[in-house]
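Asks: Chains as they are written, first to last, in full-length UniProt numbering: chain A, 1 to 643; chain B, 1 to 556. Note that CB positions come from ideal geometry on N, CA and C, so glycine has one too. Shown below is the structure under consideration.
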């Protein structure tokens with residue numbers, strides 16, 4: 001709070017990124033958010049920017065109309081303000097500069113965020129996902145795989161979770177010995193078990209083999225994995241790095257498995273680039289797509305030069321290789337990179353997603369992230385720069401994973417229970433530090449922070465607004481007929497993910513979305529069905545025979561289905577011509593926001609402004625003008641409380 | 001010479017047919033005057049393939065021992081392979097195909113022989129005429145009239161008999177203006193906006209030449225389009241430099257001093273050969289599935305096809321903005337006014353005019369702005385992307401239009417009454433058709449050859465209810481508003497349904513589409529017929545221009 005010198009500046013201009021348009025409004029600075037409220041009462045757009053989302057603030061050279069302030073966010077939002085007085089601009093700048101670099105984890109939003117839940121609800125939220133149950137679902141422990149308590153106190157590997165699954169024949173000395181031979185102690189453990197063929201997907205970090213070092217325990221460990229699969233004794237060892245990188249590591253006493261020393265392994269490099277290359281690649285991509293009046297030729301050349309889609313394809317190729325080895329050959333696979341928490345997480349998670357339809361459901365996808373990313377210690381704090389760390393550690397590894405999933409949803413439109421808005425929302429919160437799930441770098445560190453006692457779980461929040469993220473054409477039949485997805489990796493399938501990288505650039509998006517439309521129709525279908533049932537029951541009560549009942553005209557209040565509040569799903573700003581209409585609806589929208597939880601479509605009418613009467617059932621006033629993803633409505637209340 | 005004389009071998013047995021997505025078939029190949037017929041002659045569920053010879057763009061033959069392989073590349077981008085036993089048969093078949101697929105004489109083409117039982121040659125041909133359009137469009141009555149000055153095609157050979165011109169301009173002035181315009185294409189009405197009566201006119205370049213000639217009547221004609229106090233925009237589809245250069249060859253542009261109420265803008269559009277080569281490169285890139293991501297992107301960029309799509313949509317958007325947002329009339333021309341001019345005027349209408357977004361309205365638009373307006377289909381669509389013959393007048397302007405319409409449909413999946421299937425059907429019909437609609441280069445030629453008397457009209461056939469149904473967009477919801485497409489490169493995409501249609505088959509996508517339709521159907525049934533009107537407005541949003549293209553005007 002003490003950092004905020006100027007909480008409010010009026011007459012601030014917000015410039016549109018891609019056109020000459022601008023809007024004028026008031027800038028508010030709160031402890032958690034930077035808020036821009038448009039002064040034009042008709043469209044009254046508000047932009048809420050969480051401090052944690054801000055990646056950089058820049059003061060540009062003074063112009064005639066004022067002092068420009070450029071803010072770039074981690075969710076790819078870029079806002080350009082013109083503040084009339086330089087002093088105000090400087091105040092905002094220096095306040096933001098402090099606020100976006102919290103001094104300690106305790107300053108993160110997650111520790112002040114309070115969604116009006118009691119302790120019990122919060123605890124329930126944290127108990128939603130249970131990785132023990134997940135391994136049970138896979139069929140582990142079983143006669144070949146056991147739960148080991150060797151890491152109970154994080155003694156063997158502090159970046160791993162407590163509960164680990166290893167082959168039945170892997171004794172403690174073998175585990176400990178193997179862990180000493182692996183970078184950061186990350187020895188081979190089970191991450192996915194393909195029950196049908198008893199094939200396992202294991203993960204670890206690179207061996208400390210240098211030029212010639214061996215470790216018998218580590219060799220035993222791999223043999224134990226091999227023995228655990230009686231269908232196919234051969235293990236694929238996937239080193240997800242390019243060969244050159246692995247070779248270079250040998251000079252530092254690390255490296256890769258020597259096929260001569262291990263029995264029954266088939267060693268394979270996959271060639272996914274490291275975090276630095278990925279960071280540079282995304283930077284290049286964003287530079288290109290952020291250009292104003294971009295020509296088609298520059299766009300395509302920029303897309304190519306960034307190499308971004310090439311990297312996405314590399315991850316996809318690796319995952320397909322893994323899935324094929326497991327499902328077709330029935331072989332177990334051991335995946336590693338250098339430390340086994342970036343590329344390894346990407347490949348294991350993508351591979352599992354291809355093999356197991358469960359992970360393509362909303363709940364299952366959460367479990368997958370919880371397992372392969374959170375519990376196995378993907379360094380979210382470093383990669384997402386939660387606490388002003390080393391900029392060389394920042395890298396869009398998790399973003400790439402989400403993008404790979406998006407590419408799958410594009411090829412298999414009916415295979416996923418969720419739509420891309422789910423992925424985008426998760427991305428939003430990986431950076432928001434609003435929930436405890438992704439804080440710091442490992443389970444152990446999160447326990448030190450007591451996240452389960454002091455913060456809320458994102459998963460509970462997302463499940464509570466599940467209907468916003470549903471894929472309306474998801475088919476469980478498809479899952480039955482396609483348990484394993486085999487995507488095509490033809491070059492032309494790799495496309496720029498506009499809705500992620502231009503989420504906040506209104507003008508880029510189609511104005512009509514099939515997804516939104518179908519969601520609405522489905523919702524309305526359900527409502528109508530409910531109405532018919534209710535009316536039937538009523539008639540029966542009155543003693544009227546109901547046999548061949550035609551579908552009834554629905555009461556008007558049922559014609560307003562709920563819809564996701566994402567910007568892109570939301571209606572665009574209205575033009576002047578629609579002002580009158582919208583003002584009517586504004587009242588209506590307020591009603592809906594105050595009284596009815598967004599999730600229930602239910603009864604919302606205000607006399608004289610019924611949606612059907614003015615022919616506009618979609619109410620830009622109620623959601624669209626908010627211009628923020630779903631999370632913000634909740635924040636709305638919170639911010640008020642925290643300020 | 002009879003067509004059948006070109007056929008040296010009519011039948012070959014034991015031919016193997018290889019085509020995308022399907023297992024290869026063994027059967028009999030048959031060449032007729034207009035078709036290639038393949039049949040596996042199975043008693044139960046016999047499978048046949050009928051290819052219109054006109055659809056064949058290029059063929060390659062290769063000897064393999066005593067047998068030969070013929071690769072047939074169709075204009076609809078399909079590639080077939082035939083393994084023919086016997087070298088001689090193979091060569092005979094190949095040469096017959098080569099000759100018969102490139103007939104020059106229009107009256108020998110298949111539409112003159114196509115006689116389906118469900119259609120009759122009696123009755124009207126085409127959907128509408130300038131007369132009808134004028135009568136149906138009440139807003140035109142005050143200030144516009146129908147002129148029959150071109151009734152014998154002597155004033156402008158590529159225009160239809162009747163055109164719509166300002167009421168105050170008499171036929172004499174039109175004749176003089178026509179003499180001052182390339183190919184006699186004097187300014188005529190293309191579209192009158194229903195909201196503000198502003199118009200889009202089109203013409204060809206004025207023949208000012210090196211001496212800066214003037215034509216009083218042409219100036220008056222344009223003056224009559226706008227009230228004296230107003231401003232109009234001339235959208236010249238050439239660069240300023242090109243326009244200057246064209247004066248050396250007798251062409252030119254409207255100078256500020258002579259047309260002082262008109263403001264000229266230059267928007268460069270590629271045409272002719274460049275566009276054709278762009279298509280060839282694109283199809284080449286799509287055919288090779290071994291590309292890495294980088295190579296693919298570089299080939300896609302190299303083809304420049306999407307740049308052309310981008311340009312066309314940008315200019316169309318700009319014209320639409322001039323008309324709708326700024327309330328000014330626009331005159332559009334390039335040099336000849338038969339290609340990019342028609343492309344951008346029809347796209348602008350699709351953006352502005354809700355009537356042109358129905359199946360009927362869209363086909364009328366194509367008829368008015370392409371067929372009657374004299375786009376030389378025969379010259380432009382002689383060959384598509386596979387042909388090795390030297391290019392003369394080939395140019396995929398119409399294909400580019402359909403691609404742009406597809407881009408609009410992708411951004412406004414509810415706003416068009418027709419589906420992608422109609423666009424795909426048109427891409428095929430324009431190169432090779434059973435119908436006479438796309439034959440010849442102008443109304444005059446069609447008239448001389450008796451196209452209307454001796455062939456069937458594609459558009460009329462498409463509008464038969466049972467056929468139209470296949471091309472309907474189930475999600476269609478009428479909207480009165482203009483639909484502004486986003487023209488950011490990030491918002492445009494390769495039309496995979498056309499260019500990768502034979503490369504990638506995806507059952508998943510089709511299933512997904514079916515599922516969407518089912519949900520929609522279910523909704524329709526639930527809601528009942530009376531309620532439909534209410535639901536149609538669910539997604540009626542306000543469409544303000546995406547990018548204010550007009551902003552750029554200040555820079556010009």
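Taking only three categories from DSSP, how would you classify residue 171 of chain B?
Replies: If you number the second chain from 1, residue 171 of chain B lands on position 171. Helix, per DSSP.
Asks: When the Cα of residue 4 of chain A is compared with those of A/100, A/482, A/476, A/529, which residue comes out closest?
Replies: Position 4 of the first chain, counting from 1, holds the residue named residue 4 of chain A. That would be A/100, whose Cα lies nearest to the Cα of residue 4 of chain A.
Asks: I'd like the span of the alpha helix (DSSP H) that includes residue 23 of chain A, first residue to last.
Replies: On the first chain, residue 23 of chain A is found 23 positions in, with the first residue counted as 1. Segment 22-29 is the beta strand (DSSP E) holding residue 23 of chain A; no alpha helix (DSSP H) there.
Asks: Please classify residue 233 of chain B: does DSSP put it in a helix, a strand, or coil?
Replies: As a first step, residue 233 of chain B is located in the second chain; it is residue number 233 there, counting from the start. Residue state, collapsed to three classes: strand.
Asks: Please name the residue, chosen from B/130, B/74, B/20, that lies closest to residue 370 of chain B on a Cα-to-Cα basis.
Replies: Taking the second chain and counting its residues from 1, one reaches residue 370 of chain B at position 370. If we check each option's Cα against that of residue 370 of chain B, B/130 comes out closest.
Asks: Determine the closest residue to residue 6 of chain B out of B/13, B/81, B/97, with distance taken between C-alpha atoms.
Replies: Taking the first residue of the second chain as position 1, residue 6 of chain B is located at position 6. Of the candidates B/13, B/81, B/97, the one whose C-alpha sits nearest the C-alpha of residue 6 of chain B is B/97.
Asks: According to the Cβ coordinates, are residue 394 of chain B and residue 476 of chain B closer than 7 Å?
Replies: By 1-based counting over the second chain, the position of residue 394 of chain B is 394. By 1-based counting over the second chain, the position of residue 476 of chain B is 476. The answer is no: Cβ separation not under 7 Å.
Asks: Within a Cβ cutoff of 6 Å, which residues of the same chain sit near residue 280 of chain A, ignoring the five residues on either side of it in sequence?
Replies: Within the first chain, residue 280 of chain A is the residue found at index 280, counting from 1. In its own chain, leaving out the 5 sequence neighbours on each side, no residue places its CB closer than 6 Å to the CB of residue 280 of chain A.
Asks: Report the rounded CA-to-CA distance for residue 375 of chain A versus residue 83 of chain B, giving the unit in angstroms.
Replies: Against the first chain, residue 375 of chain A aligns to sequence position 375. Against the second chain, residue 83 of chain B aligns to sequence position 83. Roughly 59 Å separates the two Cα atoms.
Asks: Does the beta carbon of residue 602 of chain A come closer than 7 Å to any beta carbon on chain B?
Replies: Position 602 of the first chain, counted from the first residue, corresponds to residue 602 of chain A. Caution applies to residue 602 of chain A, whose pLDDT of 35 falls short of 50 and renders its modelled position unreliable; the value that the coordinates give is listed next. Answer no: the Cβ-Cβ gap between residue 602 of chain A and chain B never drops below 7 Å.
Asks: Using a C-beta to C-beta distance shorter than 7 Å, which residues of chain A count as neighbours of residue 414 of chain B?
Replies: Residue numbering aside, residue 414 of chain B sits at position 414 when the second chain is read from its first letter. Within chain A, the residues near residue 414 of chain B are 512, 517.
Asks: Applying a beta-carbon distance threshold of less than 8 Å, which residues of chain A neighbour residue 512 of chain B?
Replies: For the purposes of this step, residue 512 of chain B is taken as the residue at position 512 of the second chain. Within 8 Å Cβ-Cβ: 413, 414, 473.
Asks: Determine the extent of the beta strand (DSSP E) in which residue 200 of chain A is found, giving its start and end residues.
Replies: As a first step, residue 200 of chain A must be located in the first chain, where it is residue number 200. Taken as a continuous stretch (DSSP letters only), the beta strand (DSSP E) holding residue 200 of chain A covers 199-204.
Asks: Is residue 4 of chain A close to chain B? Criterion is C-beta to C-beta, closer than 7 Å.
Replies: Position 4 of the first chain, counting from 1, holds the residue named residue 4 of chain A. No, because no Cβ of chain B sits closer than 7 Å to the Cβ of residue 4 of chain A.
Asks: Could you tell me the distance, in whole angstroms, from the CA atom of residue 401 of chain B to the CA atom of residue 411 of chain B?
Replies: One-based indexing of the second chain puts residue 401 of chain B at position 401. One-based indexing of the second chain puts residue 411 of chain B at position 411. About 16 Å.
Asks: Is there a C-beta anywhere in chain B that falls below 7 Å from the one on residue 297 of chain A?
Replies: What you label residue 297 of chain A is simply residue 297 of the first chain in a count that begins at 1. Judged by the 7 Å Cβ criterion, residue 297 of chain A is in contact with chain B.
Asks: Mind checking if residue 280 of chain B is an interface residue toward chain A, Cβ cutoff 7 Å exclusive?
Replies: Stepping through the second chain from its first residue, residue 280 of chain B is reached at position 280. Chain A, which has no Cβ nearer than 7 Å to the Cβ of residue 280 of chain B, makes this no.
Asks: Quick one, are the C-beta atoms of residue 166 of chain A and residue 201 of chain A less than 7 Å apart?
Replies: The residue given as residue 166 of chain A occupies position 166 in the first chain. The residue given as residue 201 of chain A occupies position 201 in the first chain. No, the Cβ-Cβ distance between residue 166 of chain A and residue 201 of chain A is not below 7 Å.
Asks: Might you give, ordered along the chain, the residues of its own chain that have their beta carbon closer than 8 Å to the beta carbon of residue 145 of chain A, omitting 5 neighbours on each side?
Replies: Mapped onto the first chain, residue 145 of chain A falls at position 145. If we look at residue 145 of chain A and ignore the five residues flanking it on each side, its Cβ neighbours are 165, 166, 167, 168, 190, 193, 200, 228.
Asks: Comparing the C-beta of residue 294 of chain B with each C-beta of chain A, is any distance below 7 Å?
Replies: The count along the second chain starts at 1 and reaches residue 294 of chain B at position 294. Yes, contact with chain A.
Asks: Per DSSP, what are the beta-bridge partners of residue 66 of chain A in this structure?
Replies: Here the question's residue 66 of chain A lines up with position 66 in the first chain. Bridge partners of residue 66 of chain A: A/63.
Asks: Look at the alpha carbon of residue 177 of chain B and the alpha carbon of residue 407 of chain B, and state the distance between them as a whole number of angstroms.
Replies: For the purposes of this step, residue 177 of chain B is taken as the residue at position 177 of the second chain. For the purposes of this step, residue 407 of chain B is taken as the residue at position 407 of the second chain. Cα to Cα, residue 177 of chain B sits roughly 37 Å from residue 407 of chain B.
Asks: At least one CB of chain A closer than 7 Å to the CB of residue 357 of chain B: is that the case?
Replies: In the second chain, residue 357 of chain B corresponds to position 357, counting from 1. Judged by the 7 Å Cβ criterion, residue 357 of chain B is not in contact with chain A.
Asks: Within 7 Å of any Cβ in chain B, is that where the Cβ of residue 29 of chain A sits?
Replies: Taking the first residue of the first chain as position 1, residue 29 of chain A is located at position 29. So, not an interface residue.
Asks: Any C-beta of chain A within less than 8 Å: which residues of the stretch 335-360 of chain B qualify?
Replies: none
Asks: Give a yes or no on whether 7 Å exceeds the smallest Cβ distance from residue 14 of chain A to chain B.
Replies: By one-based count along the first chain, residue 14 of chain A stands at place 14. No, residue 14 of chain A does not count as interfacial toward chain B.
Asks: How about residue 574 of chain B: is its C-beta nearer than 7 Å to some C-beta of chain A?
Replies: In the structure displayed, chain B extends from 1 to 556; residue 574 of chain B sits before or after that span and is not available.
Asks: Name the one or two DSSP bridge partners that residue 239 of chain A has.
Replies: The residue you call residue 239 of chain A lines up with position 239 of the first chain. Note: residue 239 of chain A sits in a beta bridge opposite A/269, A/336.
Asks: I'd like to know if residue 418 of chain A contacts chain B, where contact means its C-beta is closer than 7 Å to some C-beta of that chain.
Replies: Here residue 418 of chain A refers to the residue found at position 418 of the first chain. Closer than 7 Å: no.
Asks: For the beta strand (DSSP E) containing residue 453 of chain B, name the first residue and the last one.
Replies: Within the second chain, residue 453 of chain B is the residue found at index 453, counting from 1. First-last for residue 453 of chain B: 451-454, but that is the alpha helix (DSSP H), not the beta strand (DSSP E).
Asks: What does the alpha-carbon distance come out to for the pair residue 526 of chain B and residue 521 of chain A?
Replies: As a working note, residue 526 of chain B is residue 526 in the second chain. As a working note, residue 521 of chain A is residue 521 in the first chain. Answer to the nearest angstrom: the Cα atoms are 10 Å apart.
Asks: If we require 3 or more residues per run, which beta strand (DSSP E) segments fall completely within the stretch 71-154 of chain A?
Replies: 78-83, 145-148
Asks: Between the alpha carbons of residue 57 of chain A and residue 454 of chain A, how many angstroms are there, rounded?
Replies: Position 57 of the first chain, counted from the start, is the residue given in the question as residue 57 of chain A. Position 454 of the first chain, counted from the start, is the residue given in the question as residue 454 of chain A. Straight-line spacing of the CA atoms in residue 57 of chain A and residue 454 of chain A works out to 30 Å.
Asks: Residue 313 of chain A touches chain B at which residues, Cβ-Cβ below 7 Å?
Replies: Residue 313 of chain A sits at position 313 when you count from the first residue of the first chain. 293, listed in chain order.
Asks: Mapping DSSP to helix, strand and coil, what is residue 168 of chain A?
Replies: Your numbering for residue 168 of chain A matches position 168 in the first chain. Of the three classes helix, strand and coil, the one that applies to residue 168 of chain A here is coil, per DSSP.
Asks: What does the alpha-carbon distance come out to for the pair residue 471 of chain A and residue 407 of chain A?
Replies: In the first chain, counting from the first residue as 1, residue 471 of chain A sits at position 471. In the first chain, counting from the first residue as 1, residue 407 of chain A sits at position 407. If I take the Cα positions, the gap works out to 15 Å.
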